[in-house]
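Q: So the sequence lines, in the order shown, correspond to chains A and B. Start counting the first sequence at 0; every next residue gets the next number (numbering that gives the first Met the number 0). Start counting the second sequence at 0; every next residue gets the next number (numbering that gives the first Met the number 0). Could you have a look at this structure, given as structure tokens, before my questions?
2 protein chains.
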Amino acid sequence: MKELFPIVAADVALFTVIDEALRVLLLQRDNEPQAGAWALPGALLKPETDLSLEHTARRALAAKTRVEIPHLEQVSVFSGPERDPRGYSVGVLFYALLPADQAPAVAGAKAADVAWSNVAHLKRPIAFDHREMIALATTRLRQKVERLILPLHLLSEKFTLTQLQRVCEAVMGTRLDKSSFRRRLRSEQALVEVPGDFEVGANRPAQFYRAARGFRFDIDIE
Amino acid sequence: MKELFPIVAADVALFTVIDEALRVLLLQRDNEPQAGAWALPGALLKPETDLSLEHTARRALAAKTRVEIPHLEQVSVFSGPERDPRGYSVGVLFYALLPADQAPAVAGAKAADVAWSNVAHLKRPIAFDHREMIALATTRLRQKVERLILPLHLLSEKFTLTQLQRVCEAVMGTRLDKSSFRRRLRSEQALVEVPGDFEVGANRPAQFYRAARGFRFDIDIE
DNA sequence: CATCTTATTGACACATTACCACTAAGTCGC
DNA sequence: GCGACTTAGTGGTAATGTGTCAATAAGATG
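Structure follows, in structure tokens:
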């Protein structure tokens, strides 16, 4: 049955890196349609309260997440009469990045219906067109990192260069050369050392870095 | 006054190159709100007939244009309660490319309310948030060309390398070096010669080229 | 035929990158 | 204490890509 007004919703691909693999947050659906299948967190636009669709997306995350509001970026719009059996729907896709150390707070021990699923091989059944959404969001994120726009939002405030490299490798799905990686970082001037602050372990300590002032991940609105 | 359902519309920044300048199609509004101001062509989503918002965008173009359906690409979504005085609105922005030789068919002699406006200095008063839309669409297009994704849709099927370079220069707003430009083209293998076909003029003839089979401008959906 | 204009190719310095090797600084086991 | 081990961080060289400028090619024009 066709509706006069479309359903307008925001969906969010929330990424993090766990075990050196890029993962996306999925929720198992309780209700029909597609009960049992896994979907991205999403929310319907509430015109009375949402100042924009980004606001809607934040609300969708807040409903299932106890963490700081993460970095959000718009990816694309999916629309059509057949996407959702409930009627014509317009879904605005965002992606967001969550530092790995905050990931456990989201998918808590009890929550059997919450999963950080490895993007490289999504084994769970995916609801609606969310598999395509995840693929597109992943591609978009990769393009950013390719263009040397560092996914610092996947790390905590302080991090070592090796940690940053591992995160970039997880996003890209390939290994990167240490020497080249660091040379490019130097020329970018995007990072600054945290003087006297080292990560200690069973080997040589590693210098901590943080984002230089004025760092922006969303470089294309100019 | 807040509405229960948002207005959902598609707007299109239709680009072409005239006089070696990147230009965008603007229409002067007849009706309130913002009567007299210039706006991008747009259309409201009709759930009964539009298979997707891209469909809506094509319809918006068809209403004011007599030309072949051009290449369309999604840019971004603009949303909020204040964008349009008629109520909460969700506007999906597309951009499209039109070969320069088809541009006259759009802005015909009679049409005083249709203009190909130079993107570098938009002097006309722009309606709503369409100035921001034009800026974002332009940036997106430039990023593509920067990444060596050739805007072949701005040219007719056959073209010379100099014509292609002029078009890229118009998009980027800078001059490009002939030698470097051609070297990059060679390594890309995106073009093939049209054997024995030359543009003749008051000087040395120029080889015509066309897109190689498998050419795609929309490289990021992968 | 000399001249003018644009097309097309070439040469070279310079910057960037991939790839591999090296040194540095800590812990661990003995 | 000392050598083995592990990871951090730096260098070096060959290959590749780029910016700049110049040279040559192929027409029209007078």
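Note that beta-carbon positions come from the ideal geometry of N, C-alpha and C, so glycine has one too. All values reported here derive from a predicted model rather than from experimental measurement.
#1: Please work out which residues of its chain come closer than 7 Å, Cβ to Cβ, to E187(A), disregarding the five sequence neighbours upstream and downstream, and give them in chain order.
#2: Between F207(B) and F158(B), how many whole angstroms is the CB-CB distance? I'm expecting something under 8 Å.
#3: At the level of alpha carbons, what is the spacing between L71(A) and M171(A)?
#4: Is there a Cβ of chain A sitting closer than 8 Å to that of F216(B), yes or no?
#5: Would P98(A) pass as a contact of L154(A) if the rule is Cβ separation under 8 Å?
#6: Less than 8 Å between the beta carbons of A42(A) and A12(A), yes or no?
#7: Identify each residue in the region 29 to 47 of chain A for which the Cβ-Cβ distance to at least one residue of chain B is less than 7 Å, and report them in chain order.
#8: Mind checking the region 71 to 99 of chain A against chain B and listing, in chain order, the residues whose C-beta falls within less than 7 Å of any C-beta there?
#9: Which whole-angstrom value describes the C-beta separation of G90(B) and V76(B), a residue pair presumed to lie in contact below a C-beta threshold of 8 Å?
#10: Under 8 Å, CB to CB, which of the residues in the region 2 to 20 of chain B have a partner in chain A?
#11: So, at 6 Å on beta carbons, what are the nonlocal neighbours of I6(B) in its own chain, with the 5 sequence-adjacent residues on each side left out?
#12: With distance defined between alpha-carbon atoms, name the residue in S178(B), A95(B), A8(B), E198(B) nearest to R82(B).
#13: Since L121(B) meets chain A, which of its residues come closer than 7 Å, beta carbon to beta carbon?
#14: Taking DSSP as the reference, what is the three-state secondary structure of I133(B)?
#15: Can you find the residues in the same chain that come closer than 7 Å, C-beta to C-beta, to V144(B), ignoring five residues on each side of it along the sequence?
#16: Between the alpha carbons of R185(B) and P204(B), how many angstroms are there, rounded?
#17: Contact defined as beta carbons within less than 8 Å: I believe V118(B) pairs with R22(B). What is the distance between those atoms, to the nearest angstrom?
#18: Using only the alpha-carbon positions, how far apart do R139(B) and Q164(A) sit?
#19: In three-state terms, what does DSSP make of S51(A)?
#20: What are the partner residues of T15(B), as DSSP defines its beta bridges?
#21: Please identify the residue among A104(B), V191(B), T161(B) whose C-alpha is closest to the C-alpha of S179(B).
#22: Do R209(B) and E156(B) have their C-beta atoms closer together than 8 Å?
A: So, from the listed chains and residues:
#1: L147
#2: 7 Å
#3: 19 Å
#4: no
#5: yes
#6: no
#7: L44, P46, E47
#8: Q73, S75, V76, S78, G79, P80, Y87, V89, V91
#9: 7 Å
#10: E2, L3, F4, P5, V7
#11: G86, S88
#12: A8(B)
#13: None at all; the shortest Cβ gap to chain A is about 16 Å.
#14: helix
#15: P150, C167, V170, M171
#16: 20 Å
#17: 6 Å
#18: 28 Å
#19: coil
#20: R22(B)
#21: T161(B)
#22: yes
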